[in-house]
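Throughout the sequence shown, residue numbering follows this note's numbering, covering 353 to 656 in sequence.
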Amino acid sequence: PELYKSRVLELNASDDRGINVVRTKIKDFAAVAVGSAQRQGGYPCPPFKIIILDEADSMTEDAQACFFFLCSPCDIFQFMLTHVNFISLKTSLQNALRRTMETYSKVTRFFFICNYISRIIEPLASRCAKFRFKPLSDEIMSSRILHICDQEGLNLDSEALSTLSSISQGDLRRAITYLQGAARLFGSSISSKDLLSVSGVIPVEVVEALYAACESGNFDLANKEVNNVIAEGYPVSQMLSQLFDVVVEADDVPDEQKARICKSLAEADKRLVDGADEYLQLLDVASNTMRALCNMPQEFSFET
353 PELYKSRVLE
363 LNASDDRGIN
373 VVRTKIKDFA
383 AVAVGSAQRQ
393 GGYPCPPFKI
403 IILDEADSMT
413 EDAQACFFFL
423 CSPCDIFQFM
433 LTHVNFISLK
443 TSLQNALRRT
453 METYSKVTRF
463 FFICNYISRI
473 IEPLASRCAK
483 FRFKPLSDEI
493 MSSRILHICD
503 QEGLNLDSEA
513 LSTLSSISQG
523 DLRRAITYLQ
533 GAARLFGSSI
543 SSKDLLSVSG
553 VIPVEVVEAL
563 YAACESGNFD
573 LANKEVNNVI
583 AEGYPVSQML
593 SQLFDVVVEA
603 DDVPDEQKAR
613 ICKSLAEADK
623 RLVDGADEYL
633 QLLDVASNTM
643 RALCNMPQEF
653 SFET
């Protein structure tokens, strides 16, 4: 513990992590040799240092490229997957990484905290030891949230606690953020509705109303529900995500129909990312969902 400051360098999104910092601060720290003879308090002290890069996606691409040229292309990289995205690098960098010199591999270990393994380029992922962390269970989440509420003097009933655990999806930091936002806006007594309003999650009854309209086979009713969603200002991307959960969990829908609906949801989500109109995409999803649930043909044909 006494050697922590001299052996561990941790950088997160709040720190300056531009290319100049990589070239100076990180490089200088990585280059310093250390020994294994120093032992204090009976703790073993390995002969290497650790550099922890949290929230790596906030780095510029040039800084990432410069940083990776400091590292070993072998097992020196260890990606702890928790809560951050990592930006893909260019093809030229991918080729260069294969020839990266193991300059500091004997004295430094590098840890990158990220979120999606698919965002890690293949030349790096194939050379890394990857550690995946599952979302926290509802029991662990509830226990910690209740402890925080007790310490902060917040009143959270069982329904609100269940809602908070559900919308945070096993992410304790997200749950604490929602709880803090609700406490700031609504005071010490927090309801399930308050948590939904600060989280941006669409109310369950709105999602179920759209799904029920699709099940009815009435296009006018489905169009009305789509207009209601747009008029209320709900994010369509969030609606697609929650509608996906409803479809997957529906026991009375055959797998083939679920596949058709999920394909439509994926295509609409991709179009939204590309900048398509939210109303048109949600209406397209509603019509395709209706055709799948009501066993209508996938494509309409018109006689001329």
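We treat Cβ as the ideally placed atom computed from N, Cα and C, and that holds for glycine.
Unbroken beta strand (DSSP E) run spanning residue i, endpoints
| i | result |
| --- | --- |
| Cys-646 | Per DSSP, Cys-646 belongs to no beta strand (DSSP E) and is neither H nor E. |
| Ala-481 | 481-484 |
| Ile-404 | 401-405 |
| Glu-362 | 360-363 |
| Cys-466 | 460-466 |
Enclosing alpha helix (DSSP H) for residue i [first to last residue]
| i | result |
| --- | --- |
| Cys-566 | 556-568 |
| Leu-513 | 510-520 |
| Leu-537 | 524-538 |
| Leu-573 | 571-583 |
| Asp-603 | Neither: Asp-603 is in no alpha helix (DSSP H) and is coded neither H nor E. |
| Glu-504 | 490-504 |
| Leu-548 | 544-551 |
| Ala-382 | 379-383 |
Straight-line gap, residue i to residue j (C-alpha atoms, nearest Å)
| i | j | result |
| --- | --- | --- |
| Leu-361 | Lys-379 | 11 Å |
| Asp-572 | Val-553 | 26 Å |
| Lys-615 | Lys-622 | 11 Å |
| Phe-654 | Lys-576 | Only weak support exists for where Phe-654 lies, its pLDDT of 48 falling under 50; the value from the coordinates is given anyway. Distance between the alpha carbons of Phe-654 and Lys-576 is about 25 Å. |
| Asn-364 | Ile-404 | 8 Å |
| Ser-543 | Ala-512 | 5 Å |
| Ala-481 | Ser-517 | 30 Å |
| Gln-532 | Ala-561 | 30 Å |
| Tyr-563 | Leu-524 | 30 Å |
| Asn-447 | Pro-396 | Per-residue confidence for Asn-447 stands at a pLDDT of 39, beneath the threshold of 50, marking its modelled position as unreliable; no derived number is given. |
| Phe-463 | Arg-484 | 13 Å |
| Ser-424 | Glu-584 | Confidence in Ser-424 is poor, its pLDDT being 44 and thus under 50, which makes the residue's placement unreliable; the coordinate value appears in the next sentence. C-alpha separation (whole angstroms): 52 Å. |
| Arg-643 | Pro-606 | 13 Å |
| Ala-534 | Val-558 | 21 Å |
Beta-carbon separation (whole angstroms), residue i vs residue j, contact threshold 8 Å
| i | j | result |
| --- | --- | --- |
| Leu-632 | Glu-567 | Actually they do not touch by this definition, with Cβ atoms about 22 Å apart. |
| Met-591 | Leu-634 | 6 Å |
| Glu-407 | Ile-469 | Glu-407 to Ile-469, Cβ: 16 Å. No contact. |
| Val-637 | Ala-620 | 5 Å |
Do the segment 618-632 and the segment 541-552 meet, that is, are 3 or more Cβ pairs less than 8 Å apart?
-> no
Does the count of Cβ pairs from the segment 596-611 and the segment 577-584 closer than 8 Å reach three?
-> no
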